[in-house]
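Enquirer: Sending over a structure as structure tokens; questions will come in a sec.
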């Protein structure tokens, strides 16, 4: 089907304008990236102090502080998701390299973000309440947990690469599955389905890996709020604040996941309509995504906040 010249020109103009806009936005963001990071950190510290104040109000039986505690925790979670973090990177890589359904694109990142809140609660209850560790020991435990979570992200990147390499290698199982009358069904590996078909929805192992990679690293702000609430004897309010914080993060990550899902769908549609099948393209993209996850995990591993002898709780100004 031939596309009219005028329509093709309008498409080229739209693509060019969009590319220039993204380039300008990228240059602007890069030039002000350090300022943006400082603003995010300063705002999170301010919100964190307000959350501590609301907990003190609750401890003095001023229950209006409970409403403001939940509102502040939700805003803290939204800001935590907007700022630099591992969840956005994992979700972007995952949805860019897998053709997930709209439901999976919503549920998987949402569950991963909520698991962050559960991880913070388990961290405090097991180590602070169950084992009754001192503040310095809790800081050391937090350090080890963040190191392990970085290794979890790297392991997920290795898993993605191994799956991509496995799809490139010919196997006996694939040959035995062929029938005499060749049909381009779901197990066909000839590449005649185009780019879009190769990006099929991930299996449950990949989805579980995404959820664990996001949720295995608890938010340090959530841990400190829960520790302070436990010290005041109002741990139930601390749990409510942490899960509200996780909900704010989940909704923000959900918006990002929908945007990435839509962008990938549009890109795959254009590639399928304008290019010949390239069976090697999708595994290559997945390999690059896995390498990006490994590099990102290495950055997290070597930039973990050092152990505080007095505890993160005091170092944060609580």
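Residue numbers (this note's numbering): 8 to 325. Where is the CB? At the ideal position from N, CA and C, for every residue including glycine. Note that the structure is a prediction, hence the values are computed from the model and not measured.
Hey, quick one: how far does the alpha helix (DSSP H) through residue 135 stretch, first residue to last?
Expert: Counting from 1 along the chain shown, the entry for residue 135 is found at position 128. Note, residue 135: premise wrong, no alpha helix (DSSP H); not H, not E.
Enquirer: Could you round the C-beta distance between residue 313 and residue 171 to whole angstroms and report it? I think they count as a contact, below 8 Å.
Expert: Numbered from its first residue, the chain shown carries residue 313 at position 306. Numbered from its first residue, the chain shown carries residue 171 at position 164. The Cβ separation is near 36 Å, so there is no contact.
Enquirer: Could you pull out every residue in the same chain whose Cβ sits closer than 7 Å to the Cβ of residue 309, ignoring the five residues on either side in sequence?
Expert: On the chain shown, position 302 is the one that residue 309 refers to. So no residue of the chain qualifies.
Enquirer: Using DSSP with H/G/I as helix, E/B as strand and the rest coil, what is residue 310?
Expert: Residue mapping note: residue 310 aligns to position 303 of the chain shown, counting from 1. Looking at residue 310 - three-state DSSP - the assignment turns out to be coil, as it is neither helix nor strand.
Enquirer: Could you have a look at residue 108 and say whether DSSP puts it in helix, strand or coil?
Expert: Locating residue 108 in the chain shown gives position 101, counting from the first residue. Of the three classes helix, strand and coil, the one that applies to residue 108 here is coil, per DSSP.
Enquirer: With DSSP collapsed to three states, give me the class of residue 305.
Expert: The residue you call residue 305 lines up with position 298 of the chain shown. Helix at residue 305.
Enquirer: At a cut of 8 Å, does the segment 256–272 reach the segment 93–113 through at least three beta carbon pairs?
Expert: Short answer: they touch.
Enquirer: Between which residues of its own chain and residue 66 is the CB-CB distance below 8 Å, once the five residues before and five after are set aside?
Expert: To locate residue 66, count along the chain shown from 1; it is residue 59. The answer, listed in chain order, is 239, 240, 241.
Enquirer: Roughly how many angstroms separate the alpha carbons of residue 307 and residue 78, rounded to a whole number?
Expert: Here the question's residue 307 lines up with position 300 in the chain shown. Here the question's residue 78 lines up with position 71 in the chain shown. Each residue's alpha carbon lies about 29 Å from the other.
Enquirer: Using 8 Å as the threshold, is the segment 147–155 in touch with the segment 248–261, meaning 3 or more CB pairs across them?
Expert: Result no; under three Cβ-Cβ pairs closer than 8 Å.
Enquirer: Which value, in whole angstroms, describes the spacing of the CA atoms of residue 311 and residue 154?
Expert: Reading the chain shown from its first residue, position 304 is the one you call residue 311. Reading the chain shown from its first residue, position 147 is the one you call residue 154. Rounded to whole angstroms, residue 311 to residue 154 spans 7 Å at the Cα level.
Enquirer: Helix or strand or just coil, what does DSSP make of residue 200?
Expert: Translated into positions along the chain shown, residue 200 becomes position 193. Legend: pLDDT at residue 200 = 44, less than 50; position of this residue unreliable, no value from coordinates given.
Enquirer: Take residue 75 and list the residues in its own chain whose beta-carbon comes closer than 6 Å to its own, dropping the five residues that flank it on each side.
Expert: Residue numbering aside, residue 75 sits at position 68 when the chain shown is read from its first letter. So the qualifying residues of the chain are 61.
Enquirer: Does DSSP put residue 224 in a helix, a strand or coil?
Expert: Locating residue 224 in the chain shown gives position 217, where the first residue counts as 1. Here residue 224 sits in coil by DSSP.
Enquirer: Measuring alpha carbon to alpha carbon, tell me which residue in 295, 300, 73 is nearest residue 57.
Expert: What you label residue 57 is simply residue 50 of the chain shown in a count that begins at 1. Of the listed residues, the one whose Cα sits closest to residue 57 is 73.
Enquirer: How about the segment 121–135 and the segment 219–239: do they share at least three Cβ pairs that are nearer than 8 Å?
Expert: With a cut-off of 8 Å, the segment 219–239 and the segment 121–135 count as touching, because enough Cβ pairs lie within range.
Enquirer: Which two residues bound the contiguous alpha helix (DSSP H) that contains residue 173?
Expert: In the chain shown, counting from the first residue as 1, residue 173 sits at position 166. Here the alpha helix (DSSP H) through residue 173 covers 142–175.
Enquirer: Given residue 166, which residues of its chain have a CB within under 7 Å of its CB, disregarding the five upstream and five downstream residues?
Expert: As a first step, residue 166 must be located in the chain shown, where it is residue number 159. Excluding positions up to five away in sequence, the list reads 216.
Enquirer: Could you check if residue 133 is buried or exposed, using at least 16 other CB atoms within 10 Å of its CB as the buried criterion?
Expert: Position 126 of the chain shown, counting from 1, holds the residue named residue 133. The residue in question, residue 133, is exposed, as its Cβ has fewer than 16 Cβ neighbours within 10 Å.
Enquirer: Ordered along the chain, which non-local residues of its own chain (more than five positions away) have a Cβ less than 6 Å from that of residue 256?
Expert: Position 249 of the chain shown, counted from the start, is the residue given in the question as residue 256. Result list for residue 256: 84, 87, 88, 120, in chain order.
Enquirer: Classify residue 101: buried if its beta carbon has 16 or more other beta carbons within 10 angstroms, exposed otherwise.
Expert: Residue numbering aside, residue 101 sits at position 94 when the chain shown is read from its first letter. When all chains shown are included, residue 101 counts as buried.
Enquirer: CB-CB under 6 Å to residue 294, same chain, minus the five flanking residues each way: which ones, in chain order?
Expert: Here the question's residue 294 lines up with position 287 in the chain shown. Excluding sequence neighbours, residue 294 sits near 168, 171.
Enquirer: With H, G and I counted as helix, E and B as strand and the rest as coil, what does DSSP make of residue 116?
Expert: Mapped onto the chain shown, residue 116 falls at position 109. Note: residue 116 maps to helix in three-state DSSP.
Enquirer: Out of 237, 300, 253, 301, point me to the one whose CA is closest to residue 137's CA.
Expert: On the chain shown, position 130 is the one that residue 137 refers to. For the residues 237, 300, 253, 301, the minimum Cα distance to residue 137 belongs to 237.
Enquirer: Helix, strand or coil for residue 67? Go by DSSP, reduced to three states.
Expert: Taking the chain shown and counting its residues from 1, one reaches residue 67 at position 60. In this structure, residue 67 counts as coil in the three-state DSSP scheme.
Enquirer: What separation, rounded to the nearest whole angstrom, lies between the Cα atoms of residue 27 and residue 34?
Expert: As a first step, residue 27 must be located in the chain shown, where it is residue number 20. As a first step, residue 34 must be located in the chain shown, where it is residue number 27. C-alpha separation (whole angstroms): 11 Å.
Enquirer: Note down, in chain order, each residue of its chain lying with its Cβ closer than 8 Å to the Cβ of residue 71, except the 5 sequence neighbours on either side.
Expert: The residue you call residue 71 lines up with position 64 of the chain shown. Excluding sequence neighbours, residue 71 sits near 64.
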